[in-house]
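Below is one structure, written out as C-alpha cells; comments come after it.
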Amino acid sequence: MSAKQTFLEQVRDNLRRYPDGDVNDYIEYYDELISERIANGEAESDVLEKIGKPKDIATSFKQNNAIERAVKKPTVSNGLKALIAALSVLSLPFLLPAIGVAIALVSVVAGLFLCGLAVVALGVVAAILSTIDIAAIVFAGDAPVYLLLLTGGATVVIVALAYEVLRGLVFTSRWTTRALIHTLKARQNKKKEDK
Amino acid sequence: MDTQLKKGLLDVSVLKVLSLEDSYGYKIMNDLSTYIEVSESGLYAILKRLEQQGLVTTYKEEHDNRLRKYYRITDSGVVKLQDFRPEFAKIERIIQFVLKEGTES
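Line by line, the protein sequences give chains H and Z. Quick note on numbering: the first sequence equals residues 1134 to 1328 in the numbering used here. Quick note on numbering: the second sequence equals residues 5 to 109 in the numbering used here.
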C-alpha cells in the first residue's frame, strides 16, 4: 500500500460507524485532492503532512455529518450528537461553558416536559373523574342533564388543550436545538478561521 | 471575517467558479484561494450542500488514468448566482459608506 492509501485507510478506520456511501464519497474526495497535488509536483510526504492528520479529517466529517442531520431533523438527540461531535475537537475554554449550556438546555427542556405532562395529566384525570361523578348524580336523578353535557364538553376542551400544550413543548425543544446548532456552526467556522 | 458573511460568500464564489467552466475539487480550491480561504473539508461540505440543493451536478471523467469528479452548475445554480447580484449591490453601497474617508470622532 502506498503512503496515501495507508493515510486514507486511517481516515476510514475513524469513520466505521457511518454509512459506507457517505464515507466513500469523502475518502474519494481526499484521494483525488492528494493525487492532484502530487501530480502538480508536490512530494507525497509533504502533501500528507500538510493536509492534516487522518483523525482530524475524520472529525471534520463527523462534525459536518452531525450538524447536517440536526439541521434536517432538529430533535434534542440530534442536537446533542452535534454538540458531542463539536466537543471532541473544540478547545477547553469552549468546552466548559458548552457542557454547562448543554446541561442547562437538557434540564430546561426536560423540566418543561415534566411540568407540562403533570399539568396535562392532572387536568385530564380531573375532567374525566368529574364527568363520571356528575354522570352518576344525573343518572341517580339528582341533577339536570345539562350539567353532564357541560362537564363532558369541559373534558373535551381540556384534552384538546393538553394536546396543544404537548405540541408546544415539542416545538420548544426543536427551537432550542436549532439555537444550539446555530451556535455550534458559528463556533466551528470560527475555529477553522483561527487555524 | 464574519462567519455568516463568509459562508454566504463561499457558496457564491464556488458557484461563480463553476459558472465559468466545469471544475474539480483541486482546481476549485486553487481558483478560490486567490480570493477567499477555505479548508479541504470545508469545500467538501459546500460542494455537497450545493449538490443536495440541486445547484450543481457531478460526473466523473478519466484524466491521466485517474478519475476526476467534475462539478457542473445547474440552471437553478445559475439563477441562484444571479439572485445574489442585487444583494451584493446593497452590500457594496454599505461598504463604500463605511470605508468613506471622513472624520471619525
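In this text, a Cβ means the ideal position worked out from N, Cα and C, and glycines have one as well.
Between the alpha carbons of H/Ile1200 and H/Lys1318 lies a gap of roughly 8 Å. The Cβ of Z/Gly58 sits no closer than 9 Å to any Cβ of chain H. Excluding the 5 residues flanking it on each side, Z/Val82 has same chain C-beta neighbours closer than 7 Å at Ser23, in chain order. Assigned with DSSP and collapsed to three states, Z/Glu66 falls in strand. At a cut-off of 9 Å between C-beta atoms, Z/Arg76 does not count as an interface residue with respect to chain H. A straight line joining the alpha-carbon of Z/Ile77 with that of H/Trp1308 spans about 34 Å. If the five residues before and after H/Val1271 are omitted, its C-beta is found closer than 8 Å to the C-beta atoms of Pro1277, Val1278, Leu1280, Leu1281, all from its own chain and listed in chain order. Within chain H, the residues Ala1172 have their CB atoms less than 8 Å from the CB of Z/Asp68, given in chain order.
Identification of residues in the stretch 1175 to 1190 of chain H having a C-beta nearer than 7 Å to some C-beta of chain Z yields Ile1184, Ile1190, given in sequence order.
For Z/Gly106, the nearest beta carbon of chain H is not closer than 9 Å to its own beta carbon. Here the alpha carbon of Z/Phe101 sits roughly 20 Å from the alpha carbon of Z/Phe88. What H/Leu1317 touches in chain Z, judged by beta-carbon distance under 9 Å, is nothing: the nearest beta carbon there is about 12 Å away.
Taking 8 Å as the upper bound for CB-CB distance, Z/Val18 and Z/Leu51 are in contact here, some 7 Å apart. In the assembly as shown, H/Arg1150 is an exposed residue. Its beta-carbon has fewer than 16 other beta-carbons within 10 Å.
Cβ-Cβ separation between H/Tyr1162 and Z/Gly46: approximately 12 Å, too far for a contact (criterion under 8 Å).
Bridge pairing for Z/Leu71: Z/Glu66 [DSSP]. Boundaries for Z/Glu41: no alpha helix (DSSP H) harbours it, and the DSSP string shows neither H nor E there. For H/Leu1166, the C-beta contacts it makes with chain Z under 8 Å involve Gly29, Tyr30, Met33, Glu44, in order along the chain. Taking C-alpha positions only, H/Lys1188 is separated from Z/Tyr48 by approximately 17 Å.
In this structure the stretch 1175 to 1193 of chain H does not touch the stretch 1280 to 1299 of chain H; the number of beta carbon pairs closer than 8 Å is below three. A distance of 9 Å or more separates the beta carbons of H/Val1234 and H/Leu1302. The beta carbon of Z/Thr38 sits no closer than 9 Å to any beta carbon of chain H. In the same chain as H/Arg1202, and ignoring 5 residues on each side of it, the C-beta atoms closer than 8 Å to its own belong to Asn1211, Lys1214, Ala1215, in chain order. Secondary-structure assignment with DSSP links Z/Ile77 through a beta bridge to Z/Val60. If you look at H/Pro1187, you'll find it in the alpha helix (DSSP H) that goes 1187 to 1205. Shown here is that no member of the stretch 80 to 101 of chain Z has a Cβ falling below 7 Å from a Cβ of chain H.
Chain-order list of chain H residues neighbouring Z/Thr61: empty, with the shortest C-beta distance near 14 Å, by a criterion of under 8 Å.
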